[in-house]
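**Q**
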Amino acid sequence: MDRLEDKILQYIISGKAGGDDALEREIREDPSFDSSEYELLKKIWTESDQLKDYARLPHDQAWQQIARQTGLEKAKKIYPVREWLIAASLTGIAVVMLYFLMRNPFVTHEALAQEEYILPDSSTVEMEAGTIIRFLKPEAFSKADTRDIYLEGKGTFDVVTDAARSFRVITNLTNVEVLGTEFIYIARGDTSEAENIEGQVRFAINDGSKSVVLNPGDKVTYDGSDMNVVEYEPPPPPTTEPQNPISDTRVTIADLIDILDYRFPVDLEFTSTVHYSSVVVPVSINTADLNTLVRQLQENPSINIEVANKGQGYRITSLSGVDSGLQANYTFQMYEAGIPPPE
Amino acid sequence: MAIDVLDRDSFRKLFEENYNLLCNYINTHARDWELSEEIAQKTFVKLWEKRKEITFSTSARSYLFQSARNTLIDHYRSHKSASAHAEKYADDLGGSDEMVFDDDHQILVTQRIAWAVDQLKPKTREIFLLNKQEGLTYDEIADYLEISKRTVEYNMKIALLQLKELLKGKI
C-alpha cells in the first residue's frame, strides 16, 4: 500500500473517519486522492458493523422440514404388520440363535473398533476394526493339542510361550505357526500377509504345498497363487548430511506467521487451523527462495509444520513451536520497519 | 417469471440462495432467530403450495420477502392478545408501505460483505470479525490472540483493502 492509501486506511480503522475535518481535508487535497475508492472504503467500514446481527444458519435441517411439509420428500411408507407376527418371528430367531450358540464350540469375536483382545491362554491380539477371530471355547481351547485361531482381517499377535502346544493362526488359505513370539497377520479374502516382529514363525499354505520360516522383520505375502517373501534389511547407517545453520534470530510463532505472510502474501496460504502462539523459536527468515525456506522450516527441530503444495506456492495447515524457554530478539514490527534480523 | 415453471430443482435453488438471507431479514424485525427460521420455512412452504396460482410482479426474491413480511404480520396479529410487543410490531409492519426489495437493501449489502469476509485469509478474517462481529477493541484482540496491537491494525487495514477489491461494484 502506498503512503496515501496507508493514511486513509489508518484514518478509517481508527474509527474517526468523518470526524476529523483537518485530516480528512488533508487526505482529500492529495493529488492522487480517489473519491470513489475512499467512499467505498468508508461504506464497507460502516456497513460491516451490521455483521453483529448477521447469522449464517444451517440449511439442511430447514430444507428437510420444508421438503417434509411440501411432500417433496415423501416419508417412507410403513406397511401395516401384525404385532404378534413380529413378536413370533423375533422369538423364533432368538430360539434358533440360542440353539446354535449352545451347540457352537467356537467363540467368535469381531472388533468394532481397534482393540486388544486377550485369548484364553493369555496371548493377546491387537485387532483392527472389522477384524474377526474365532477359536474354541476356553475349556476346549486349553485342552486342544494346538492353539488354533481363525482370522479374517488384521491382527498383531503376542503369543505366550507354551513349549508343548504350538500356536497357529489360520486364514482362508494360509497359516502361521509358532511356539511363542510376536507377529502381524493380515487376511482379506484369498490374500494373506504376515510380518514377523520377534522370534521365528513358520508361514505355510493350508494345503501344505509351500512354507517359509520368517525371521524378525521378514514379510511374506500370498495372493492365492504366488508367495512372495521380503527379507528384512537393516536400515543404512545415518549419513552425516549438512544440518541447517543454527540461526541467531529468535521470534515468536505469531511474529513468524506475520513475517511469512508479509513476505509471501500470494504464494503462502495459512488455513484457519494455524494459530498464533508466543512460543519462541530460532529460525532463519531471510532465506531468499520460498522452497528453501519451507524446507528449512520443515527440517527445523524447534518447529512443527504441516505444509501442502498449492498451485505455485504452499498451504500451511499447522505451525507450532517447541517451547525451550528462549527469549525473542526479533519481531514482525522490526521486520516491517526494515531492521535486519541478527542472523 | 411464471410461477408454474417452479419445479423441485428451481425451488431448491431458490431456497439455497435465499433461506439465510430471508432469516436474517425477518430477524431484523423479529429479533428472534427461532421465530425467524419458522417464518422463513412457512414462507417457502406457502410459495411451493401456491406455485400454480401466483405470478411474480417483480422478482422471486421480492415475492419471498413480501410474503415473509406478511407471514410475520399474521403471526404477530394472532399473538396480539398475548404480547403488547407483538401488537406494536404488527401495527408498525402492517402500517408501512408495500416493501420494495431492491439491490441496495441493507440485508443484501450485509450478506455481500459477509461473503467477502469469508474470502479473507483466516487470520485476517479472524481479527476483522473479532472487531466487527464480536465488538472487541484492538487492544482486546491483541491480548486475546497474544499479538501486538500493531499487527491487529495491520490486519484490519489488509482486510479493508481486500474487501474493497472484492466488493467493488457490488455494494
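Just so you know, the protein sequences line up as chains H and E, in that order.
Numbering-wise (this note's numbering), the first sequence opens with residue 883 and increments by one.
Numbering-wise (this note's numbering), the second sequence opens with residue 1499 and increments by one.
For each residue, glycine too, the CB sits at the ideal point set by N, CA and C.
(1) Output the boundary residues of the beta strand (DSSP E) element that contains H/Lys1036.
(2) Threshold first: 3 residues or longer. Then list the beta strand (DSSP E) segments lying entirely within the region 1052-1140 of chain H, N to C.
(3) With a Cβ-Cβ cutoff of 8 angstroms, do H/Phe988 and H/Arg1029 count as a contact?
(4) Determine the burial state of H/Asn1110: buried for a count of at least 16 other Cβ atoms within 10 Å of its Cβ, exposed for fewer.
(5) Kindly confirm or deny that the region 994-1008 of chain H and the region 1029-1044 of chain H touch, where touching means at least three C-beta pairs closer than 8 angstroms.
(6) From this set, H/Arg910, H/Tyr1067, H/Ala937, H/Gly1193, which residue's C-alpha is nearest E/Asp1530's C-alpha?
(7) Count the other CB atoms within 10 Å of the CB of H/Pro1164; is the residue buried (16 or more) or exposed (fewer)?
(8) Starting from the C-beta of H/Leu1142, find all residues in its chain whose C-beta is less than 7 angstroms away, skip the five residues before and the five after it, and write them out in chain order.
(9) Cα-Cα, which of H/Ile1031, H/Thr1063, H/Val1102, H/Tyr1032 is closest to H/Asp1044?
(10) So, at 6 angstroms on beta carbons, what are the nonlocal neighbours of H/Glu1059 in its own chain, with the 5 sequence-adjacent residues on each side left out?
(11) Leaving out the 5 sequence neighbours to the left and right, which residues in its chain are closer than 8 angstroms to H/Tyr1196 when beta-carbon positions are compared?
(12) Could you tell me which residues DSSP puts in a beta bridge with E/Glu1663?
(13) Quick one: does E/Glu1551 have its CB under 8 angstroms from some CB of chain H?
(14) Confirm, please, whether the CB-CB distance from H/Tyr1158 to H/Ile1187 is below 8 angstroms.
(15) I need the DSSP call for E/Phe1509, collapsed to helix, strand or coil.
(16) Taking the Cβ atom as the reference point for each residue, do H/Pro1234 and H/Ser971 lie within a distance shorter than 8 angstroms?
(17) May I have the straight-line CA-CA distance separating H/Leu1055 from H/Thr1073, to the nearest angstrom?
(18) Can you give me the C-alpha to C-alpha distance between E/Ala1657 and H/Gln946, rounded to a whole angstrom?
(19) Given this structure, state the Cα-to-Cα distance separating H/Ala993 from H/Ala1011, to the nearest angstrom.
(20) What's the call for H/Asp1205, buried or exposed, on a 16-neighbour Cβ count within 10 Å?
**A** To lay it out plainly:
(1) Counting from one through the first sequence, the residue named residue 1036 of chain H turns up at place 154. Note, H/Lys1036: beta strand (DSSP E), 1029-1040.
(2) Considered as a whole, the region 1052-1140 of chain H harbours 1056-1060, 1064-1070, 1073-1080, 1083-1087, 1093-1096, 1101-1104, 1109-1112, 1132-1134 as its complete beta strand (DSSP E) runs of no fewer than 3 residues, in chain order.
(3) The residue labelled residue 988 of chain H in the question sits at position 106 within the first sequence. The residue labelled residue 1029 of chain H in the question sits at position 147 within the first sequence. Not closer than 8 angstroms, so no.
(4) Your numbering for residue 1110 of chain H matches position 228 in the first sequence. Exposed.
(5) A contact exists between the region 994-1008 of chain H and the region 1029-1044 of chain H.
(6) Translated into positions along the second sequence, residue 1530 of chain E becomes position 32. Selected option, being the one with the closest Cα: H/Ala937.
(7) Stepping through the first sequence from its first residue, residue 1164 of chain H is reached at position 282. Counting Cβ neighbours within 10 Å, H/Pro1164 comes out buried, since at least 16 surround it.
(8) Position 260 of the first sequence, counted from the start, is the residue given in the question as residue 1142 of chain H. These residues qualify, in order along the chain: Leu1150.
(9) Indexing the first sequence from 1 puts residue 1044 of chain H at position 162. Of the candidates H/Ile1031, H/Thr1063, H/Val1102, H/Tyr1032, H/Thr1063 places its Cα closest to the Cα of H/Asp1044.
(10) By 1-based counting over the first sequence, the position of residue 1059 of chain H is 177. Excluding five sequence positions before and after H/Glu1059, the CB atoms of its chain that fall closer than 6 angstroms to its own CB belong to Ser1048, Arg1050, Arg1084, given in chain order.
(11) Position 314 of the first sequence holds residue 1196 of chain H. Cβ within range, chain order: Asp1149, Leu1150, Glu1151, Leu1172, Val1176, Val1189, Ala1190.
(12) Counting from 1 along the second sequence, the entry for residue 1663 of chain E is found at position 165. Under DSSP, no beta-bridge partner is assigned to E/Glu1663.
(13) Along the second sequence, one-based indexing puts residue 1551 of chain E at 53. Look at E/Glu1551: its C-beta is not under 8 angstroms from any C-beta on chain H.
(14) Your numbering for residue 1187 of chain H matches position 305 in the first sequence. Your numbering for residue 1158 of chain H matches position 276 in the first sequence. Result no, Cβ atoms of H/Ile1187 and H/Tyr1158 do not sit closer than 8 angstroms.
(15) Against the second sequence, residue 1509 of chain E aligns to sequence position 11. Helix, per DSSP.
(16) Residue 1234 of chain H falls outside the range modelled here, since chain H spans only 883 to 1225, and no answer is possible.
(17) As a position in the first sequence, residue 1055 of chain H is number 173, starting the count at 1. As a position in the first sequence, residue 1073 of chain H is number 191, starting the count at 1. Cα to Cα, H/Leu1055 sits roughly 8 angstroms from H/Thr1073.
(18) For this step, residue 1657 of chain E is matched to residue 159 along the second sequence. For this step, residue 946 of chain H is matched to residue 64 along the first sequence. If I take the Cα positions, the gap works out to 36 angstroms.
(19) Here the question's residue 993 of chain H lines up with position 111 in the first sequence. Here the question's residue 1011 of chain H lines up with position 129 in the first sequence. Pairing H/Ala993 with H/Ala1011, the inter-Cα distance amounts to about 5 angstroms.
(20) Position 323 of the first sequence, counting from 1, holds the residue named residue 1205 of chain H. Note on H/Asp1205: under 16 other CB atoms within 10 angstroms of its CB, so exposed under the neighbour-count rule.
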